[in-house]
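Chemist: Quick note: the sequence shown uses this note's numbering, first residue 2, plus one each step. Even glycine gets a Cβ: it sits at the ideal position worked out from N, Cα and C.
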Amino acid sequence: MSLIDVENLTLQFKTDEGLITAVDNVSFSLAPGEVMGLVGESGSGKSVTAKSLMKLNPGNAVYAPESRITLHLDSGPVDVMSLKRPRDMEVVRGGAVSMIFQEPMASFAPAMTIGSQMVEQLLIHTDMSKAQARELSVEMLDRVGIADASTRFGQYAFEMSGGMRQRAMIAMALSTKPKLLIADEPTTALDVTIQAQVIDLMKDLVDEFGMGIIFITHDLGVVAQTADKVAVMYLGKMIEQGPVREVIRTPSHPYTQGLIDALPQLDDLDKPLMPVPGDIPSPLERPEGCVFHTRCTKIIGDVCRTTVPSWADTGESHRAACHLCHQGHRA
Ligand SMILES: Nc1ncnc2c1ncn2[C@@H]1O[C@H](COP(=O)(O)OP(=O)(O)O)[C@@H](O)[C@H]1O
Ligand code: SF4
Ligand SMILES: [Mg+2]
2 MSLIDVENLT LQFKTDEGLI TAVDNVSFSL APGEVMGLVG ESGSGKSVTA
52 KSLMKLNPGN AVYAPESRIT LHLDSGPVDV MSLKRPRDME VVRGGAVSMI
102 FQEPMASFAP AMTIGSQMVE QLLIHTDMSK AQARELSVEM LDRVGIADAS
152 TRFGQYAFEM SGGMRQRAMI AMALSTKPKL LIADEPTTAL DVTIQAQVID
202 LMKDLVDEFG MGIIFITHDL GVVAQTADKV AVMYLGKMIE QGPVREVIRT
252 PSHPYTQGLI DALPQLDDLD KPLMPVPGDI PSPLERPEGC VFHTRCTKII
302 GDVCRTTVPS WADTGESHRA ACHLCHQGHR A
């Protein structure tokens, strides 16, 4: 039984320069208790995909009619695409799904203390008493590594450092024990010790409550530490999906191979870091055929320039969208 099914998600933005395709025919599923890493360079469509799950994209977003997002809650399935009025959105925005953003300031009301926001949220979304909500909020602040949590509870967001705000936001998002947590580069701004602490806390909550997590990052190293499975995006397309260890050990798609080659190797620090050569094309000029063909060192020929590659199975629950894989080869 899955927690969320995303099928053929396609989204364009209307802009002054024309239509930008930000997400192109993306499909994936997540089971309760599963952690999926969503990776790709900046601009690949990770945040837009994540926001779609809560219909948080701005008004210039146009979803293609075949896009389907189904959230399976205890109360039954929710067709997210059909939610239009703010009142309907309560189902997804009200505790069942929580999102942690890259920019923590956006998550806090400036004129309320961190604590009163956390308590208010718990009073709305759970049947806790005020005293219980307060106790849990302080406990959550403590669990994300905020020292002297009961004092911090009474402070405003602007009184905290950036890293502490980030942790407070994570504490707030986790306190309602969402079924699905979407974490958009949540640890990017944190130092490594705190990053490890936050990742451990997320893992504990997965074990305790069977929460599903979509963990967005441009860092494959963080994915290796946190996720069960990984999905790789490039220029709005999902190009590889599979169990995390298998994808990192034996990637199928040349782009994933490129990301792995760009990782520092602890056992061979002299190894040159090989970033994927070239720049991501502008989303206004998406390449025909395989979107990666302008940077691919394994390009086979015209088929890559003209025909969009379909998914090829390359292992148990492991697949890649590449013509090479259809010929039985890997990256
Ligand atoms: N509101 C918007 N209007 C127009 N284009 C947007 C908007 N939001 C995102 N985009 C574009 O969509 C693409 C994907 O963006 P995003 O999902 O933020 O990438 P990522 O999170 O992978 O770095 C980018 O080309 C970005 O410029
Ligand atoms: S389809 Fe062709 S261009 Fe695209 S990743 Fe595979 S080999 Fe490279
Ligand atoms: Mg992003």
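#1: Locate the beta strand (DSSP E) running through Lys85, then write down its first and last residues.
#2: So for Gln196, helix, strand or coil by DSSP?
#3: Say the cut is 7 Å; is the CB of Pro255 nearer than that to a heavy atom of ligand 2?
#4: Between which two residues does the beta strand (DSSP E) carrying Ile101 extend?
#5: Of all residues in the structure, which have a C-beta closer than 7 Å to any heavy atom of ligand 3, taken in chain order?
#6: Is Thr189 near ligand 1, with its Cβ less than 7 Å from a heavy atom?
#7: Going by DSSP in three states, Gln156 sits in which element: helix, strand or coil?
#8: When you compare only the Cα positions, how much space is there between Ile101 and Pro179?
#9: Mark Val145 as exposed unless 16 or more other C-beta atoms lie within 10 angstroms of its C-beta, in which case mark it buried.
#10: Which residue from Thr11, His330 and Pro282 puts its Cα closest to that of Ser43?
#11: Identify the continuous beta strand (DSSP E) that holds Lys238 and give its terminal residues.
#12: Using CA coordinates, which residue listed in His254, Pro276 and Tyr256 is at the minimum distance from Leu264?
#13: Out of Leu236, His219 and Pro244, state which residue places its alpha-carbon closest to the alpha-carbon of Ala228.
#14: With a threshold of 7 Å (Cβ to nearest heavy atom), would His294 be considered close to ligand 2?
#15: At a cut-off of 7 Å, would you count Gly41 as near ligand 1, judging by its Cβ distance to the nearest heavy atom?
#16: Between His324 and ligand 2, is the CB less than 7 Å from at least one heavy atom?
#17: Would the C-beta of Phe14 count as close to ligand 1, meaning under 7 Å from any of its heavy atoms?
#18: Select from Arg331, Ala322 and Val63 the residue whose C-alpha is nearest the C-alpha of Ser28.
#19: With H, G and I counted as helix, E and B as strand and the rest as coil, what does DSSP make of Phe109?
#20: So which of Tyr235, Ile300 and Gln198 has the shortest CA-CA distance to Gly41?
#21: Grouping DSSP H, G and I as helix and E and B as strand, with all else coil, what is Thr420?
#22: Taking 8 Å as the cut-off, does the region 50 to 66 touch the region 7 to 22 (at least 3 CB pairs, one atom from each stretch)?
#23: Mind checking which residues open and close the beta strand (DSSP E) that includes Lys52?
#24: Report yes if the C-beta distance between Ile147 and Leu182 is below 8 Å; otherwise report no.
#25: Alpha carbon to alpha carbon, how far is Gly38 from Asp149?
#26: Go ahead and pull the three-state DSSP assignment for Ala132.
#27: Looking at Ser176 and Met333, is the spacing between their C-beta atoms short of 8 Å?
#28: Please report how far the alpha carbon of Arg86 lies from the alpha carbon of Ser68, in whole angstroms.
Modeler: Put simply:
#1: Residue 85 sits at position 84 when you count from the first residue of the sequence shown. Unbroken run through Lys85: none, as it is neither H nor E.
#2: Numbered from 1 along the sequence shown, position 195 holds the residue referred to as residue 196. Gln196: helix per DSSP, three-state reduction.
#3: Stepping through the sequence shown from its first residue, residue 255 is reached at position 254. Yes.
#4: Looking up residue 101 in the sequence shown gives position 100. Val98 to Ile101 is the extent of the beta strand (DSSP E) around Ile101.
#5: Ser43, Lys47, Ser48, Gln103, Asp185, Glu186 and Ile217
#6: Your numbering for residue 189 matches position 188 in the sequence shown. Every heavy atom of ligand 1 is 7 Å or more from the Cβ of Thr189, so no.
#7: For the purposes of this step, residue 156 is identified with residue 155 of the sequence shown, where counting begins at 1. Reduced to three states, the DSSP call for Gln156 is coil.
#8: By one-based count along the sequence shown, residue 101 stands at place 100. By one-based count along the sequence shown, residue 179 stands at place 178. Roughly 12 Å separates the two Cα atoms.
#9: Translated into the one-based positions of the sequence shown, residue 145 becomes position 144. The residue is buried, with at least 16 neighbouring Cβ atoms inside 10 Å.
#10: Mapped onto the sequence shown, residue 43 falls at position 42. Of Thr11, His330 and Pro282, the residue nearest in Cα terms is Pro282.
#11: Locating residue 238 in the sequence shown gives position 237, counting from the first residue. Looking at the DSSP string, the run of the beta strand (DSSP E) that includes Lys238 is Lys238 to Pro244.
#12: Here residue 264 corresponds to residue number 263 of the sequence shown, with the count starting at 1. Out of His254, Pro276 and Tyr256, Pro276 has the C-alpha closest to the C-alpha of Leu264.
#13: Counted from its first residue, the sequence shown places residue 228 at position 227. Nearest option by C-alpha distance: Pro244.
#14: Locating residue 294 in the sequence shown gives position 293, counting from the first residue. His294: yes, Cβ under 7 Å from ligand 2.
#15: The count along the sequence shown starts at 1 and reaches residue 41 at position 40. Correct: Gly41 has its Cβ closer than 7 Å to ligand 1.
#16: Working through the sequence shown from its first residue, we reach residue 324 at position 323. Answer for His324: yes, Cβ within range of ligand 2.
#17: Numbered from 1 along the sequence shown, position 13 holds the residue referred to as residue 14. Checking the Cβ of Phe14 against ligand 1 gives yes.
#18: For this step, residue 28 is matched to residue 27 along the sequence shown. Ser28 has its Cα closest to that of Ala322, out of Arg331, Ala322 and Val63.
#19: The residue given as residue 109 occupies position 108 in the sequence shown. Phe109: coil per DSSP, three-state reduction.
#20: Counting from one through the sequence shown, the residue named residue 41 turns up at place 40. Nearest C-alpha to Gly41: Tyr235.
#21: No answer is possible for residue 420: the residues shown for the chain start at 2 and end at 332.
#22: yes
#23: What you label residue 52 is simply residue 51 of the sequence shown in a count that begins at 1. Counting along the chain, Lys52 falls outside any beta strand (DSSP E), though it belongs to the alpha helix (DSSP H) covering Lys47 to Ser53.
#24: Counting from one through the sequence shown, the residue named residue 147 turns up at place 146. Counting from one through the sequence shown, the residue named residue 182 turns up at place 181. The answer is no: Cβ separation not under 8 Å.
#25: Locating residue 38 in the sequence shown gives position 37, where the first residue counts as 1. Locating residue 149 in the sequence shown gives position 148, where the first residue counts as 1. Straight-line Cα distance between these residues: approximately 32 Å.
#26: Taking the first residue of the sequence shown as 1, we reach residue 132 at position 131. Helix.
#27: Summary: the structure shown does not reach residue 333, with the chain confined to residues 2 through 332, and so no result is reported for it.
#28: Stepping through the sequence shown from its first residue, residue 86 is reached at position 85. Stepping through the sequence shown from its first residue, residue 68 is reached at position 67. Roughly 18 Å separates the two Cα atoms.
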